[in-house]
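>
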Amino acid sequence: MTYIDLDLFGSALYTHVNMLGDAENSSAKHSVKRNLVNKTAQVQEKSVSNRKSPEYILSIDVGTTNIRGHVYTKTARLQGSATKQQQLLQPNPGWFELDPQKLVDDVISVAKESILDAGLQAEQITCMGITTMRATFVTWDSETGIPFHNFISWQDLRAADYVAIWNKSYTLRTLNAGAKVLHFFLRRKRHLAASVLKFMSKQVTMRLLWALDKFPQIRQRAAVGKAMFGCIDTWLLWKLTGGNIHATDYSCASSTGLFDPFQMEWSGIVCGLLNIPMTILPVINDTSGDFGWTDIKTVGFHIPISAVVADQQGAMFGQCCFEVGDVKCTMGTGTFLDLNTGNKPHASIAGLYPLVGWKIKKELVFLAEGQSADTGSIIDWMKSLGLLNNVSESSVLAQSVPDSGGVVFVPAFSGLQTPFNDDKAVTSIFGLNPNNTKAHIVRAVLESLAFRFKALYETVLTETKIPFSHVRADGGVANNDFLVQLMADLVDQTIDRSCNGDMSCLGAAFLAGLAKGVWKDKDELLALRQSDKVFESQHNWSSLKPLYHQWENAIHRSENWFPSNY
Numbered sequence: 135m136t137y138i139d140l141d142l143f144g145s146a147l148y149t150h151v152n153m154l155g156d157a158e159n160s161s162a163k164h165s166v167k168r169n170l171v172n173k174t175a176q177v178q179e180k181s182v183s184n185r186k187s188p189e190y191i192l193s194i195d196v197g198t199t200n201i202r203g204h205v206y207t208k209t210a211r212l213q214g215s216a217t218k219q220q221q222l223l224q225p226n227p228g229w230f231e232l233d234p235q236k237l238v239d240d241v242i243s244v245a246k247e248s249i250l251d252a253g254l255q256a257e258q259i260t261c262m263g264i265t266t267m268r269a270t271f272v273t274w275d276s277e278t279g280i281p282f283h284n285f286i287s288w289q290d291l292r293a294a295d296y297v298a299i300w301n302k303s304y305t306l307r308t309l310n311a312g313a314k315v316l317h318f319f320l321r322r323k324r325h326l327a328a329s330v331l332k333f334m335s336k337q338v339t340m341r342l343l344w345a346l347d348k349f350p351q352i353r354q355r356a357a358v359g360k361a362m363f364g365c366i367d368t369w370l371l372w373k374l375t376g377g378n379i380h381a382t383d384y385s386c387a388s389s390t391g392l393f394d395p396f397q398m399e400w401s402g403i404v405c406g407l408l409n410i411p412m413t414i415l416p417v418i419n420d421t422s423g424d425f426g427w428t429d430i431k432t433v434g435f436h437i438p439i440s441a442v443v444a445d446q447q448g449a450m451f452g453q454c455c456f457e458v459g460d461v462k463c464t465m466g467t468g469t470f471l472d473l474n475t476g477n478k479p480h481a482s483i484a485g486l487y488p489l490v491g492w493k494i495k496k497e498l499v500f501l502a503e504g505q506s507a508d509t510g511s512i513i514d515w516m517k518s519l520g521l522l523n524n525v526s527e528s529s530v531l532a533q534s535v536p537d538s539g540g541v542v543f544v545p546a547f548s549g550l551q552t553p554f555n556d557d558k559a560v561t562s563i564f565g566l567n568p569n570n571t572k573a574h575i576v577r578a579v580l581e582s583l584a585f586r587f588k589a590l591y592e593t594v595l596t597e598t599k600i601p602f603s604h605v606r607a608d609g610g611v612a613n614n615d616f617l618v619q620l621m622a623d624l625v626d627q628t629i630d631r632s633c634n635g636d637m638s639c640l641g642a643a644f645l646a647g648l649a650k651g652v653w654k655d656k657d658e659l660l661a662l663r664q665s666d667k668v669f670e671s672q673h674n675w676s677s678l679k680p681l682y683h684q685w686e687n688a689i690h691r692s693e694n695w696f697p698s699n700y
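Just so we're on the same page, our numbering is the position in the sequence shown counted from 1, plus 134.
1) If you run the structure through DSSP and keep just helix, strand and coil, what is Leu-662?
2) Throw me the rounded Cβ distance for the Val-576 and Met-516 pair, which I believe falls under 8 Å.
3) Do the segment 528 to 541 and the segment 622 to 631 make contact, defined as three or more Cβ pairs closer than 8 Å?
4) State yes or no: is the C-beta of Ser-193 within less than 8 Å of the C-beta of Cys-639?
5) Given this structure, state the Cα-to-Cα distance separating Pro-438 from Thr-270, to the nearest angstrom.
6) Using DSSP with H/G/I as helix, E/B as strand and the rest coil, what is Gln-684?
7) How close, in whole Å, do the beta carbons of Trp-685 and Ser-582 come, if the pair is a contact with beta carbons under 8 Å?
8) Between Phe-644 and Asp-636, what straight-line distance do the alpha-carbon atoms span, to the nearest angstrom?
9) Would you say Gly-485 and Gln-551 are within 8 Å of each other, going by their C-beta atoms?
10) Relative to the C-alpha of Glu-231, which candidate in Ser-287, His-604, Thr-432 has its C-alpha closest?
11) If you run the structure through DSSP and keep just helix, strand and coil, what is Asp-195?
12) Is the distance from the Cβ of Gly-609 to the Cβ of Met-465 below 8 Å?
13) Is Gly-426 closer than 8 Å to Thr-375 when the C-beta atoms are compared?
14) What did DSSP end up calling Thr-438 once you bin it into helix, strand or coil?
15) How about the segment 507 to 521 and the segment 661 to 669: do they share at least three Cβ pairs that are nearer than 8 Å?
16) Looking only at C-alpha atoms, which of Gly-279, Thr-339, Met-267, Val-525 sits nearest to Leu-291?
17) Can you list, in chain order, the residues of its chain whose CB lies under 6 Å from that of Gly-423, leaving out five sequence neighbours each side?
18) Starting from Arg-606 and walking both ways along the beta strand (DSSP E), at which residues does that stretch end?
19) From the DSSP output, in three-state form, read off Ala-162 for me.
20) If I'm right that Leu-471 touches Cys-463 with Cβ under 8 Å, what's the distance once you round it to whole angstroms?
21) Phe-282 to Leu-346, Cα distance in whole Å?
22) Round the Cβ separation of Thr-628 and Glu-670 to the nearest angstrom and send it over; I've been treating them as touching at under 8 Å.
23) Using a C-beta cutoff of 8 Å, does Gln-219 count as contacting chain C?
24) Leaving aside the five residues before and after Lys-218 along the sequence, list all residues of the same chain whose C-beta is less than 6 Å from its C-beta, in chain order.
25) Just the Cα atoms here: how many angstroms apart are Val-605 and Gln-447?
26) Runs of 4 residues minimum, wholly inside the segment 214 to 283: which ones carry the alpha helix (DSSP H) assignment?
27) Considering Cys-365, what are the terminal residues of the beta strand (DSSP E) in which it resides?
28) Does the Cβ-Cβ distance between Thr-413 and Ala-356 come in under 8 Å?
29) Any idea what DSSP makes of Pro-350, helix, strand or coil?
30) How is Ile-299 classed by DSSP in three states: helix, strand or coil?
31) Mind checking who Met-450 pairs with in its DSSP beta bridge?
32) Between which residues of its own chain and Ala-223 is the CB-CB distance below 6 Å, once the five residues before and five after are set aside?
33) His-690: which of Gly-197, Lys-558, Gln-619 sits nearest, CA to CA?
34) The alpha helix (DSSP H) that contains Val-560, what's its start and end?
35) Whole angstroms is fine: what's the gap from Val-315's alpha carbon to Thr-509's?
36) By the three-class DSSP mapping on this structure, what secondary structure does Ser-692 have?
Written as C-alpha cells, this is what we have:
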C-alpha cells in the first residue's frame with residue numbers, strides 16, 4: 135500500500151486547479167544558469183561600454199493573432215514599430231498550431247523592421263524584452279534543434295478526451311475527497327480549491343500528456359537528457375541565443391499548470407502524477423534580468439535580452455499596477471481582469487488563477503486573474519457576418535438605438551470561464567424578433583462583453599476581499615467608448631483607459647529597461663504612464679440590474695450544451 139502525505143498533496147492539487155504546481159529545484163540547472171551568465175559576461179561588459187545615448191528598448195509581443203515589435207525611448211515614446219499576422223494552422227477540427235521555425239523567422243523579421251522603422255541601427259538598441267501569449271508549447275530535440283511537433287496553442291482542444299477521462303477518474307475523485315477532508319480539519323482555502331479541482335484544455339498539462347503519448351520519441355530522448363519543453367518564450371530564447379539558453383521566467387512558468395506558487399518551483403508531484411519527465415523543463419529566471427544575448431549568426435544582430443514576461447503580467451506591469459489592490463482589464467482576444475495581491479498567492483474556488491506577476495530580485499508579486507476567452511473573437515465574428523467593419527463602428531451602431539430591442543447574447547465560442555467554468559457552454563442569441571436590426575444585435579453583443587466584465591469584477595472583489603478604487607483598461611476592444619462606459623456603469627467604478635493600446639509590449643520594455651539601468655526604479659515608470667480617457671459611472675446600478683439578471687438567465691440556459699465527449 136502506498137501512503138501519501140495528504141497535506142502536501144492538497145497543496146499541489148490547489149496549485150494545479152489554478153494552472154500551477156509543486157517541485158524540486160535542480161542544482162544542476164542552476165549550475166547551467168551560472169555558467170551561461172559567466173560565458174557572456176565579457177561580451178556584455180564590452181558591448182555595454184559601447185552603447186550610445188539616447189537609450190532605446192526593443193520589445194517583441196507574440197500574441198494569438200499578431201506579432202508586434204516596438205522600439206521605445208526612455209520617455210516611453212514609441213519610436214518605431216512593425217507587425218506581422220500570425221498564421222494559425224488547423225490540421226483538424228478543434229486543433230490550433232503554429233509552425234515553430236516560421237514563428238522564429240517572423241519574430242526576427244518584425245524585430246529588424248521595428249528597428250528600421252525607428253530609424254536606428256541594431257547597435258543603438260540598449261536591450262530587448264519579450265512578452266508572449268501563455269500556455270502555447272512545443273517540444274524539441276536539444277541536439278538537432280528540430281521540434282517533435284508544431285506549437286500546440288492554448289486554444290487547442292485535441293486533449294479534450296484526456297481532460298474528460300482524468301476529470302472522471304477514480305484518482306482525481308479520491309484526491310478531491312482527500313483535499314475536502316484536509317480543508318475540514320485545517321481550514322486552509324487552498325485545500326478547498328483542491329477539492330473542486332478539474333483539468334482544462336487550456337492548461338499545458340493535458341496537451342503535453344497528449345504529445346508525450348503521440349510522439350514516443352520525446353520520452354526516448356528525454357531519457358538521455360536530449361528533449362526540451364518550452365512555451366513560446368522558451369523556444370524563442372533557445373533559437374535567438376543560438377541554442378545557448380533554455381529558460382523561462384516565473385510569470386510564464388506559473389501559467390503552465392506545472393508550477394507551484396507556494397514553493398516557487400516546478401511541481402514534482404504534478405509531473406509525477408502525470409508521468410511528465412522533469413528533465414525537459416527549462417530553468418526559471420527572474421522576469422527582469424539576464425536571458426543571454428541574441429546570436430549574430432542566427433539573428434543578424436547582437437542585443438541583450440533582459441526581460442521575459444507573460445502577456446497579461448506584462449500588461450499589468452505596463453499599466454504600472456505596482457501596489458496591492460491595483461487592477462487592470464485587458465480586452466484583446468479575450469478579457470483578462472488582474473488584481474495585484476502582493477507577495478502571497480490567492481487561493482480561489484471560483485476559477486481565479488493565482489499567477490506570479492513578476493519577480494525582480496527580492497521583489498515577488500502575485501496576481502489573481504479571472505478571464506473570458508471570447509472578446510476580440512466576438513468582434514471578428516461580427517465583422518465576418520458583415521455587421522460592422524471595426525470596433526469604432528460598433529460603438530456608433532450600439533448608440534444608434536436606445537436598447538438591444540430584447541436581444542440577449544452569450545459569448546461562449548470557447549465555453550465560459552471565470553466564474554461559470556463551463557467548457558461545454560454554447561454561444562447563444564435570445565429574444566430575436568422581426569423588428570430587430572443589426573444595431574440591436576451589435577448592441578446586445580457589446581452589452582454581453584460588459585456583462586462578462588462585471589461577472590469577473592464581482593468574482594475578484596468577492597473572493598479576494600481586497601478593495602480597489604479604479605480599473606485601468608487596455609487592449610484593442612477597450613477602444614470602444616460605449617462598451618467601456620457601460621462597464622463603468624455596471625460596477626459603479628472609474629475606468630482609466632491607457633493611451634498605449636499594447637501594454638504587454640510596454641511592460642516588457644519597462645522590465646528590460648529596469649534590468650539595464652535605463653530606469654532606476656518603478657517610480658520613474660509611474661511618471662511615464664498616460665491616460666487616454668477616464669470613464670466615470672453615469673447610471674445607477676438599479677437601472678441596469680434587470681438587464682444583467684436577464685443575461686445571467688441566458689447564461690444558465692447556455693450552460694452544459696455540448697456532450698461530454700465534444
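Yeah, the Cβ is synthetic: ideal placement off N, Cα and C, and Gly gets one too. Bear in mind the structure is a predicted one, so any value in this text is a computation, not a measurement.
According to the structure data:
1) coil
2) About 7 Å separates the two Cβ atoms, so the contact holds.
3) no
4) Taking 8 Å as the Cβ cut-off, Ser-193 and Cys-639 qualify as a contacting pair.
5) Spanning the two alpha carbons is a distance of roughly 24 Å.
6) helix
7) Trp-685 to Ser-582, Cβ: 7 Å. Contact.
8) 13 Å
9) yes
10) Ser-287
11) Strand at Asp-195.
12) Yes; because the gap between Cβ atoms is below 8 Å, this pair is in contact.
13) yes
14) It is worth fixing the name first, because residue 438 is Pro in this sequence and not Thr. If DSSP states are grouped into helix, strand and coil, Pro-438 belongs with the strands.
15) no
16) Thr-339
17) Ala-649
18) 604 to 608
19) With a pLDDT of 42 at Ala-162, under the threshold of 50, the modelled position of that residue is not reliable, and no figure is offered here.
20) 5 Å
21) Straight-line Cα distance between these residues: approximately 10 Å.
22) 6 Å
23) Annotation note: the requested chain C is absent from the structure, which comprises a single protein chain.
24) Ile-201, Asp-240, Val-244
25) 15 Å
26) 234 to 251
27) 361 to 365
28) yes
29) helix
30) helix
31) BP columns for Met-450 are empty, so no partner.
32) Just to set this straight, residue 223 is Leu in the shown sequence, not Ala. Taken in chain order, the residues that qualify are Glu-231.
33) With respect to the C-alpha of His-690, the residue from Gly-197, Lys-558, Gln-619 having the closest C-alpha is Lys-558.
34) Segment: none, Val-560 is in no alpha helix (DSSP H) and carries neither H nor E.
35) 39 Å
36) helix
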